[in-house]
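*Asks:* First to last, the sequence lines map onto chains A and B. Add 560 to a position in the first sequence, counting from 1, and you land on the number used in the working numbering. Add 560 to a position in the second sequence, counting from 1, and you land on the number used in the working numbering.
Protein chains: 2
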Amino acid sequence: MTDTPIRLLLADDHPVVRAGLRAVLETEPGLVVVAEAATAEDAVTRAAEGDIDVVLMDLQFGKGMGGADATAQITARPGAPRVLIVTTYDSDADTLPAIEAGATGYLLKDAPPEDLAAAVRTAAAGRTTLAPTVADRLMNRLRTPAVTLTRRETEVLALVAGGLSNQAIGDRLHLTEGTVKSHLARVYAKLGVDSRTAAVATATDLGLIRR
Amino acid sequence: MTDTPIRLLLADDHPVVRAGLRAVLETEPGLVVVAEAATAEDAVTRAAEGDIDVVLMDLQFGKGMGGADATAQITARPGAPRVLIVTTYDSDADTLPAIEAGATGYLLKDAPPEDLAAAVRTAAAGRTTLAPTVADRLMNRLRTPAVTLTRRETEVLALVAGGLSNQAIGDRLHLTEGTVKSHLARVYAKLGVDSRTAAVATATDLGLIRR
DNA sequence: CGCGGTCTCTAACTTTCGATGGAGGCCGCT
DNA sequence: AGCGGCCTCCATCGAAAGTTAGAGACCGCG
Numbered sequence: 561m562t563d564t565p566i567r568l569l570l571a572d573d574h575p576v577v578r579a580g581l582r583a584v585l586e587t588e589p590g591l592v593v594v595a596e597a598a599t600a601e602d603a604v605t606r607a608a609e610g611d612i613d614v615v616l617m618d619l620q621f622g623k624g625m626g627g628a629d630a631t632a633q634i635t636a637r638p639g640a641p642r643v644l645i646v647t648t649y650d651s652d653a654d655t656l657p658a659i660e661a662g663a664t665g666y667l668l669k670d671a672p673p674e675d676l677a678a679a680v681r682t683a684a685a686g687r688t689t690l691a692p693t694v695a696d697r698l699m700n701r702l703r704t705p706a707v708t709l710t711r712r713e714t715e716v717l718a719l720v721a722g723g724l725s726n727q728a729i730g731d732r733l734h735l736t737e738g739t740v741k742s743h744l745a746r747v748y749a750k751l752g753v754d755s756r757t758a759a760v761a762t763a764t765d766l767g768l769i770r771r
Numbered sequence: 561m562t563d564t565p566i567r568l569l570l571a572d573d574h575p576v577v578r579a580g581l582r583a584v585l586e587t588e589p590g591l592v593v594v595a596e597a598a599t600a601e602d603a604v605t606r607a608a609e610g611d612i613d614v615v616l617m618d619l620q621f622g623k624g625m626g627g628a629d630a631t632a633q634i635t636a637r638p639g640a641p642r643v644l645i646v647t648t649y650d651s652d653a654d655t656l657p658a659i660e661a662g663a664t665g666y667l668l669k670d671a672p673p674e675d676l677a678a679a680v681r682t683a684a685a686g687r688t689t690l691a692p693t694v695a696d697r698l699m700n701r702l703r704t705p706a707v708t709l710t711r712r713e714t715e716v717l718a719l720v721a722g723g724l725s726n727q728a729i730g731d732r733l734h735l736t737e738g739t740v741k742s743h744l745a746r747v748y749a750k751l752g753v754d755s756r757t758a759a760v761a762t763a764t765d766l767g768l769i770r771r
């Protein structure tokens, strides 16, 4: 049963992390790192070549596409490799898009090497591994009815967090100030707050917007 | 001159990163990794044993002490090793405390391996290496006179960031609403903004308040 | 001891926000 | 076709926030 090894692609913009993953995974029998990618774009093109079983994907890349978009593009093709997210953060803003994009698993970089290898094998078999904190988060999502903001609401709130006035937001988004207010009023209701600064604070806590 | 190797301690809470640093640095002649630490506390005690030349220190540890505090404790002793910061972020809130704490250098994890090795050698010789973005940041600091907030101003601004109203801040701090407003007015002037949300945004960028 | 900076407070005034209660159009799903 | 989200817009009104222009008290430094 140990005939065909699992072929891996490492996608991370940090050379040190790639070297670490390589060092950790290549000591494992049955795992072979066949390629590395320093950008999300590279990962997409490399994964398309068809000789990869599992992609270990970071979410944050310094420039260009993010890991979530890359994951979506990779998993969109038929016969695509599995994508295992290996990242530093686990906020809602990170995990949910990645899972929606079709990731087969989600690990944190502080995971011990043996967990990593086990997750790779699980992913290769098409099953899911989630870091405990991520699993907790998902359970909470299901338990407490999701506080989800619409695209427009998130967009407006992000600009509020950037310090813009309602009028400035309206100009930026080609809306009237009144429309901006309506969006914000619904955001406040959803978040249970009554001011823009409070909305930014709790939305940041919930990981609904980027810091 | 290649007789005594440079002895290294790797301090990072991610096993993968430690493995990566080890892999990258041990291929370099004259460098030996003699110890690893998964927490800042461990790093401090291990560095005290006296057989270390350079500590590669992360700033973010999952739990407990941070890398900046650990750096301060390590460099405080006589005959202390050099501390080279190797981290992911380069905001003012990270770099400045670390440098104040006595770090000999500051690199980002996306640095290429050869830069890393070079920085270790430079650090061992007691000289400084800074990542370009960090150097830029320091130059800007010197060029634009420091935007420093007084204790009270920071205190008020932090509560604003928490989403409180001026009245609520006044109650919390035993001030009148008017006093809160005058503190904020001075904060706005210093930061060059004209609203509370903008103040929170730029103060967060500048690392003047915690997220 | 005077000077400068910080902290506190005041009062009146303008602008921006937020609440309220609609309303119409578009789109996807059934 | 009908229904439910989502997005857009409107007007009004009271409540915050921000502006301006002061002033007194404390404290450390030279």
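The beta-carbon is built from N, C-alpha and C at its ideal position, and this holds for glycine as well. As the structure is a computational prediction, the values presented were derived from the model and not from experiment.
Determine the extent of the beta strand (DSSP E) in which Leu644 (chain B) is found, giving its start and end residues.
*Replies:* Segment 642-647, the beta strand (DSSP E) holding Leu644 (chain B).
*Asks:* Taking all protein chains shown into account, decide if Arg756 (chain A) is buried (16 or more other Cβ within 10 angstroms of its Cβ) or exposed.
*Replies:* buried
*Asks:* Going by DSSP, name the residue or residues bridged to Ala684 (chain B).
*Replies:* Answer is none; Ala684 (chain B) lacks a bridge partner.
*Asks:* Any C-beta of chain A sitting closer than 8 Å to the C-beta of Ala583 (chain B)?
*Replies:* Among the CB atoms of chain A, one or more fall inside 8 Å of the CB of Ala583 (chain B).
*Asks:* From Glu715 (chain B) to Met699 (chain B), what does the alpha carbon distance come to, in whole angstroms?
*Replies:* Whole-angstrom Cα-Cα distance: 28 Å.
*Asks:* Whether or not the stretch 616-631 of chain B and the stretch 656-676 of chain B are in contact is what I'm after, with contact meaning three or more pairs of Cβ atoms, one per stretch, closer than 8 Å; do they touch?
*Replies:* yes
*Asks:* Between which two residues does the beta strand (DSSP E) carrying Ala691 (chain A) extend?
*Replies:* Element bounds for Ala691 (chain A): n/a, residue is neither H nor E.
*Asks:* Going by alpha carbons, who is nearest to Thr664 (chain B) out of B:Ala671, B:Leu690, B:Glu713, B:Leu676?
*Replies:* B:Leu690
*Asks:* Would you check if the stretch 675-685 of chain A and the stretch 640-650 of chain A touch, i.e. whether three or more CB-CB distances between them fall below 8 Å?
*Replies:* yes
*Asks:* When the Cα atoms are used, what is the spatial distance from Ala718 (chain A) to Phe621 (chain A)?
*Replies:* 21 Å
*Asks:* With 8 Å as the threshold, decide whether the Cβ of Thr743 (chain B) is near any Cβ in chain A.
*Replies:* It should be pointed out that residue 743 (chain B) corresponds to His in this sequence rather than to Thr. No, His743 (chain B) does not count as interfacial toward chain A.
*Asks:* Hey, Val615 (chain A) and Ala603 (chain A): beta-carbon distance below 8 Å or not?
*Replies:* yes
*Asks:* Kindly indicate which three-state DSSP category Leu591 (chain B) falls into: helix, strand or coil?
*Replies:* strand
*Asks:* Taking the alpha helix (DSSP H) that Val707 (chain B) falls in, what are its first and last residues?
*Replies:* Taken as a continuous stretch (DSSP letters only), Val707 (chain B) belongs to no alpha helix (DSSP H), as it is neither H nor E.
*Asks:* Compare the Cα-Cα distances from Glu586 (chain A) to each of A:Val720, A:Thr599, A:Leu570 and report the closest residue.
*Replies:* A:Leu570
*Asks:* Output yes if chain B places a C-beta closer than 8 Å to the C-beta of Val593 (chain A); else output no.
*Replies:* no
*Asks:* Strictly below 8 Å CB to CB, what residues from chain B border Asp573 (chain A)?
*Replies:* Neighbours of Asp573 (chain A) in chain B, taken as residues at a C-beta separation under 8 Å, are given in chain order as Asp670.
*Asks:* Please go through the same chain and pick out, in chain order, the residues whose beta-carbon is closer than 7 Å to the beta-carbon of Tyr748 (chain B), but skip the five residues on each side of it.
*Replies:* The residues Asp754, Ala759, in chain order, have a CB closer than 7 Å to that of Tyr748 (chain B) in the same chain once the five nearest residues on each side in sequence are set aside.
*Asks:* Have a look at Gly723 (chain A) and Ala761 (chain B) and give me their C-alpha separation to the nearest angstrom.
*Replies:* Within the model, the alpha-carbon separation for Gly723 (chain A) versus Ala761 (chain B) is close to 6 Å.
*Asks:* Following the continuous alpha helix (DSSP H) through Val604 (chain A), name the residue where it begins and the one where it ends.
*Replies:* 600-607
*Asks:* Quick one: is Ala761 (chain B) near chain A, going by C-beta distance under 8 Å?
*Replies:* yes
*Asks:* Counting C-beta neighbours from all protein chains within 10 Å, is the total for Asp696 (chain A) 16 or more, i.e. buried, or is it exposed?
*Replies:* exposed
*Asks:* What residues of chain A sit near Gly580 (chain B), judged by a beta carbon separation below 9 Å?
*Replies:* His574, Pro575, Val576, Val577, Arg578, Ala579, Gly580, Leu581, Arg582, Ala583, Val584
*Asks:* Bridge partners for Leu735 (chain B) per DSSP, in chain order?
*Replies:* For Leu735 (chain B), DSSP assigns no beta-bridge partner whatsoever.
*Asks:* Within 10 angstroms of its Cβ, does Thr631 (chain B) collect 16 or more other Cβ (buried), or is it exposed?
*Replies:* buried
*Asks:* For Val707 (chain A), I'd like the list of residues in its chain whose CB is within less than 8 Å of its CB, leaving aside the five on either flank, ordered along the chain.
*Replies:* Apart from sequence neighbours up to five positions away, the residues of its chain that approach Val707 (chain A) with a beta-carbon distance below 8 Å are Lys750, Leu751, Leu766, Leu768, ordered along the chain.
*Asks:* Please name the residue, chosen from B:Leu733, B:His734, B:Asn726, B:Ala671, that lies closest to Leu744 (chain B) on a Cα-to-Cα basis.
*Replies:* B:Asn726
*Asks:* DSSP puts Ala571 (chain B) in a beta bridge; with which residues?
*Replies:* B:Ala597, B:Met617
*Asks:* What does Val753 (chain B) touch in chain A if you count any residue whose Cβ is under 7 Å from its own?
*Replies:* Gly723
*Asks:* Kindly indicate the opening and closing residues of the alpha helix (DSSP H) around Ala627 (chain B).
*Replies:* Checking the displayed sequence, the identity of residue 627 (chain B) turns out to be Gly instead of Ala. In the DSSP assignment, Gly627 (chain B) falls within the unbroken alpha helix (DSSP H) covering 627-636.
*Asks:* Name the residue from B:Gly610, B:Glu737, B:Thr648, B:Asp611 whose alpha carbon lies nearest to the alpha carbon of Val577 (chain B).
*Replies:* B:Thr648
*Asks:* For the putative contact between Asp650 (chain B) and Leu668 (chain B), defined by C-beta atoms under 8 Å, what is the C-beta separation to the nearest angstrom?
*Replies:* 6 Å
*Asks:* Is it the case that the Cβ atoms of Arg567 (chain A) and Asp618 (chain A) are separated by a distance below 8 Å?
*Replies:* no
*Asks:* For Leu768 (chain B), name the three-state secondary structure that DSSP assigns.
*Replies:* When secondary structure is reduced to three states using DSSP, Leu768 (chain B) falls in the coil class, being assigned neither helix nor strand.
*Asks:* Taking just the CA atoms, how far does Arg681 (chain A) sit from Thr688 (chain A)?
*Replies:* 10 Å
*Asks:* Is Arg712 (chain B) close to chain A, meaning its C-beta is less than 8 Å from at least one C-beta of that chain?
*Replies:* no
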